[in-house]
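S.K.:
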Amino acid sequence: LAMTESNKEDRFNGVVAVTTQEILKLLMSMVLLFGEEQFSIISWIEKILNEVVQKPKDTLRLAVPAILYFIQNIALQKAGANLPAAVFQVTYQGKSLVVALFSVMLLQKELNRSKWLAITIMGLGLVIIQLFKGGESKQSTMGNANEQNMSIGLVYVILGCFCSGGASVYFEKMMKVPTAQNGLKPSMWIRNIQLAGFSTAIGALQILLSLLSSSSSSLPQSGSGIFHGFSTKVWVMVFNNAIGGLCVAFVIKHADNILKGFACALATIVASIVSVPLFGFTITIEFVFGMLLVVMSTLLYGGTLTVPGEWWSQEPATCRNLRKIDKTEYSQVATDCDGGIEVTEVTEVTNVMEEGSLRE
29 LAMTESNKED RFNGVVAVTT QEILKLLMSM VLLFGEEQFS IISWIEKILN
79 EVVQKPKDTL RLAVPAILYF IQNIALQKAG ANLPAAVFQV TYQGKSLVVA
129 LFSVMLLQKE LNRSKWLAIT IMGLGLVIIQ LFKGGESKQS TMGNANEQNM
179 SIGLVYVILG CFCSGGASVY FEKMMKVPTA QNGLKPSMWI RNIQLAGFST
229 AIGALQILLS LLSSSSSSLP QSGSGIFHGF STKVWVMVFN NAIGGLCVAF
279 VIKHADNILK GFACALATIV ASIVSVPLFG FTITIEFVFG MLLVVMSTLL
329 YGGTLTVPGE WWSQEPATCR NLRKIDKTEY SQVATDCDGG IEVTEVTEVT
379 NVMEEGSLRE
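Each number in my numbering corresponds to the 1-based position in the sequence shown with 28 added.
#1: What is the DSSP secondary structure of Asn349, reduced to helix, strand or coil?
#2: Determine the extent of the alpha helix (DSSP H) in which Pro336 is found, giving its start and end residues.
#3: How many angstroms separate the CA atom of Lys143 from the CA atom of Cys347?
#4: Whole-angstrom Cβ separation of Leu134 and Val44, contact assumed at under 8 angstroms?
#5: What residue range is occupied by the uninterrupted alpha helix (DSSP H) comprising Asp86?
#6: My output table needs one value for Thr296: the three-state DSSP class, helix, strand or coil.
#7: Spatial neighbours of Met56 within its chain, please: C-beta separation below 7 angstroms, excluding the five flanking residues on both sides.
#8: Measure the C-alpha to C-alpha separation of Val46 and Leu333 and round it to an integer number of angstroms.
#9: Quick check on this structure: which residue in Phe317, Leu287 and Lys75 has the alpha carbon closest to the alpha carbon of Gly331?
#10: Alpha carbons only, please: which of Glu74, Ile230, Val205 and Ile69 is nearest the one belonging to Ala20?
#11: Mind reading off the beta-carbon distance from Glu64 to Ser215? Whole number of angstroms is fine, and I expect it under 8 angstroms.
#12: Within 10 Å of its beta-carbon, does Ala224 have 16 or more other beta-carbons around it, so buried, or fewer, so exposed?
#13: Any idea what DSSP makes of Ile286, helix, strand or coil?
#14: Does the pairing of the stretch 137-154 with the stretch 317-329 give three or more beta-carbon distances under 8 angstroms?
#15: Looking at Gln194: is its Cβ nearer than 9 angstroms to the Cβ of Leu96?
#16: If you measure between the beta carbons of Gln121 and Leu152, is that distance less than 9 angstroms?
#17: Just mark Pro93 as buried or exposed, buried being the case when its beta carbon has 16 or more other beta carbons within 10 Å.
#18: For the structure I just gave you, are there three or more beta carbon pairs, one from the stretch 124-140 and one from the stretch 185-194, closer than 8 angstroms?
#19: On the DSSP letters alone, give me the boundaries of the alpha helix (DSSP H) that Ile157 sits inside.
#20: From Val316 to Ala293, what distance separates their C-alpha atoms?
#21: Taking the alpha carbon of Asn78 as the reference point, which residue from Ser241, Trp340 and Arg219 has its own alpha carbon closest?
#22: Where does Gln136 fall in DSSP's three states?
#23: Run through DSSP, which three-state label would Lys261 get?
Here's what the structure looks like:
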């Protein structure tokens, strides 16, 4: 509704909306951290100083996903301008496999063949849903038909997939791996403050460069300034996205990016169904088939559905070789302690690093 309620001249600027969204995430994360510190202003300030200001190397690591997300946004905009919508939707679903690949490489996550099959089926289901969500005008009738380049578009969408998958899994690693200083998992809200801070800085730089560029028309020159086009629906969208971003961080903290992908796939189905009364969306047989594939893949990944045969329950040799093997790892048995993590036992073990080596 926020994107379709106005024409091009009255539409809000996407960069301003995303930057505003990141500012809201930053402020909300600070408020939630304040609650985590038992509403003590002194403890809250000390926490920010100790974890953000006095650990610059640790903080700078969060610039990596922020920059990757920035590159991803640019790549997807370029890909959308050079590819037909159908081709773009099909190729961008490859991000699910990229997330799984980075999870194996960066988090040493073990995925058997059955889980890889579930991820592939989910991507196929989303492709079918996206392809049959609506029609597209012929390639020759598009305004930028002469400017489109299939090869360049495919390169950009692949770059976007890898930036999206790499940033998501890297952020998950930063959320779950204990810090070197005290061996404890970092606060989820501290990580969100760090990421939102870098994202806000990148967005603000974009806006500043657009304002300084005399030839730039990307920002409106009306009396309302950079918030031109920000109607009530747009503000609702911005707040919704900010809250959704914090919910995604919560999911990553307690689950992982792959499960988040399945949740987003189910959300796509729900959004399409809600579009029936809102936008007159017509549900087709192909859409129902794609929806069933997504639901089946979710049940398969969760173990509710199983594929017969021992071969499907084994990890592929390629993935096993990608996972790092460290013969001197520490298994930390942790217990929840008033919103924090208290380490009660540390024992040296010799094994393959697994994601479940820490129990909250």
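No residue lacks a Cβ here, since even glycine has one placed at the ideal position from N, Cα and C.
M.R.: This is what the structure gives:
#1: The residue given as residue 349 occupies position 321 in the sequence shown. Residue state, collapsed to three classes: helix.
#2: Against the sequence shown, residue 336 aligns to sequence position 308. No alpha helix (DSSP H) contains Pro336, which DSSP labels as neither H nor E.
#3: Residue 143 sits at position 115 when you count from the first residue of the sequence shown. Residue 347 sits at position 319 when you count from the first residue of the sequence shown. Cα to Cα, Lys143 sits roughly 12 angstroms from Cys347.
#4: Residue 134 sits at position 106 when you count from the first residue of the sequence shown. Residue 44 sits at position 16 when you count from the first residue of the sequence shown. So it is not a contact: roughly 33 angstroms between Cβ atoms.
#5: Your numbering for residue 86 matches position 58 in the sequence shown. From DSSP, the alpha helix (DSSP H) with Asp86 extends over Pro84 to Leu88.
#6: To locate residue 296, count along the sequence shown from 1; it is residue 268. Helix at Thr296.
#7: If you number the sequence shown from 1, residue 56 lands on position 28. The answer, listed in chain order, is Ala270 and Leu274.
#8: As a working note, residue 46 is residue 18 in the sequence shown. As a working note, residue 333 is residue 305 in the sequence shown. Cα to Cα, Val46 sits roughly 39 angstroms from Leu333.
#9: Here residue 331 refers to the residue found at position 303 of the sequence shown. The option with the nearest alpha carbon to Gly331 is Leu287.
#10: Coverage of the chain is limited to positions 29 through 388, which leaves residue 20 absent and any answer about it impossible.
#11: In the sequence shown, counting from the first residue as 1, residue 64 sits at position 36. In the sequence shown, counting from the first residue as 1, residue 215 sits at position 187. Correct: roughly 7 angstroms between the Cβ atoms.
#12: Translated into positions along the sequence shown, residue 224 becomes position 196. With 16 or more Cβ atoms within 10 Å of its Cβ, Ala224 is classed as buried.
#13: In the sequence shown, residue 286 corresponds to position 258, counting from 1. Helix, per DSSP.
#14: yes
#15: As a position in the sequence shown, residue 194 is number 166, starting the count at 1. As a position in the sequence shown, residue 96 is number 68, starting the count at 1. Note that residue 194 is Gly in the sequence shown, not Gln. Contact: yes.
#16: Stepping through the sequence shown from its first residue, residue 121 is reached at position 93. Stepping through the sequence shown from its first residue, residue 152 is reached at position 124. In this structure, Leu152 lies closer than 9 angstroms to Gln121 by Cβ.
#17: For the purposes of this step, residue 93 is identified with residue 65 of the sequence shown, where counting begins at 1. It is buried - the Cβ of Pro93 has at least 16 other Cβ atoms within 10 Å.
#18: yes
#19: Reading the sequence shown from its first residue, position 129 is the one you call residue 157. That run of the alpha helix (DSSP H) goes Arg141 to Leu159.
#20: Your numbering for residue 316 matches position 288 in the sequence shown. Your numbering for residue 293 matches position 265 in the sequence shown. Between Val316 and Ala293, the C-alpha separation is close to 14 angstroms.
#21: Taking the sequence shown and counting its residues from 1, the one referred to as residue 78 is at position 50. It is Arg219.
#22: As a first step, residue 136 is located in the sequence shown; it is residue number 108 there, counting from the start. DSSP places Gln136 in coil when its eight states are reduced to three.
#23: One-based indexing of the sequence shown puts residue 261 at position 233. DSSP places Lys261 in helix when its eight states are reduced to three.
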